[in-house]
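Residue numbers (the working numbering): 914 to 1117. Report on the structure given below.
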Ligand SMILES: Cc1cc2nc3c(=O)[nH]c(=O)nc-3n(C[C@H](O)[C@H](O)[C@H](O)COP(=O)(O)O)c2cc1C
């Protein structure tokens, strides 16, 4: 079967992309508004953009009417965010922060999450997150139509890692217990892994 995306509705395309591009890690992004209200929301269009220097990217899509989500509005105006990795014990709280709260809602308070001050950026971090990256916006790239979205690229300025999650320079997967997004309301755990040796250099 071949599918021409040009004949599909946006919803149909969304179902194919989010069903096929799995599992997606989840960036749980804290920002603050110009007036100082903290905001927290999850984004599974998320990955590493670069390691030298360390940069992460996530992609807030526009709302149906083309308006920006609160997270985008905040990173555009303040240039800072804290990106957390979502462990299993925080999955329900993460999901709750995906609700469309009115702009001035403090989603830490609304969901009962403990906030901790960040060291280099203004947005607070989720105190109980196993890993948090304090980031400064490097670039925001618009993609797609007016109702498309943005790629937000942030430079990592500071890394917070819970002690039990870090050993000898490595992140301990069994302690991190990350959750990943699948299609619809489904999530995956990362607990069935295997290894492949990378091939050595081939050719001249
Ligand atoms: C697990 C999960 C992943 C999500 N990933 C994205 C995403 O990558 N891009 C996006 O625009 N919205 C995504 N959403 C929806 C946003 O979290 C939701 O629109 C939220 O209300 C945005 O909050 P804000 O307006 O405070 O920025 C996701 C929701 C969930 C539950």
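Virtual Cβ for every residue (Gly too), placed ideally from N, Cα, C.
{"Check": "Cβ-Cβ distance between residue 1035 and residue 945 below 8 Å", "Outcome": "yes"}
{"Check": "Whether residue 1069 touches residue 988 by CB criterion (8 Å)", "Outcome": "no"}
{"Check": "Same chain, Cβ closer than 7 Å to residue 1001, neighbours up to 5 away in sequence not counted", "Outcome": "1090, 1092, 1102"}
{"Check": "Own chain residues within Cβ distance below 6 Å of residue 951, not counting five before or after", "Outcome": "945, 1019, 1021, 1037"}
{"Check": "heavy atom of ligand 1 below 7 Å from residue 1042 C-beta", "Outcome": "no"}
{"Check": "Residue 914 in three-state terms, based on DSSP", "Outcome": "coil"}
{"Check": "Burial state of residue 983, where buried means 16 or more other Cβ atoms lie within 10 Å", "Outcome": "buried"}
{"Check": "Residue 944 - containing beta strand (DSSP E), residue span", "Outcome": "940-945"}
{"Check": "DSSP three-state assignment for residue 962, whether helix, strand or coil", "Outcome": "strand"}
{"Check": "Continuous alpha helix (DSSP H) stretch holding residue 1096: start and end", "Outcome": "Unbroken run through residue 1096: none, as it is neither H nor E."}
{"Check": "Heavy atom of ligand 1 within 7 Å of residue 960 beta-carbon", "Outcome": "no"}
{"Check": "Run of the alpha helix (DSSP H) containing residue 988, from where it starts to where it stops", "Outcome": "983-991"}
{"Check": "Identified DSSP bridge partners for residue 1064", "Outcome": "1054"}
{"Check": "For residue 937, the residue or residues it bridges with in DSSP", "Outcome": "1094"}
{"Check": "Reduced DSSP secondary structure (H/G/I, E/B, other) of residue 1121", "Outcome": "There is simply no residue 1121 to check, as the chain begins at 914 and stops at 1117 in what is shown."}
{"Check": "Own chain, CB closer than 6 Å to residue 972, minus 5 neighbours either side, in chain order", "Outcome": "958, 1062, 1064"}
{"Check": "Residues bridged to residue 1104 (per DSSP)", "Outcome": "Paired residue(s): none; residue 1104 is not in a bridge."}
{"Check": "Sequence-distant residues of its chain with Cβ nearer than 8 Å to residue 1008 (five each side left out)", "Outcome": "955"}
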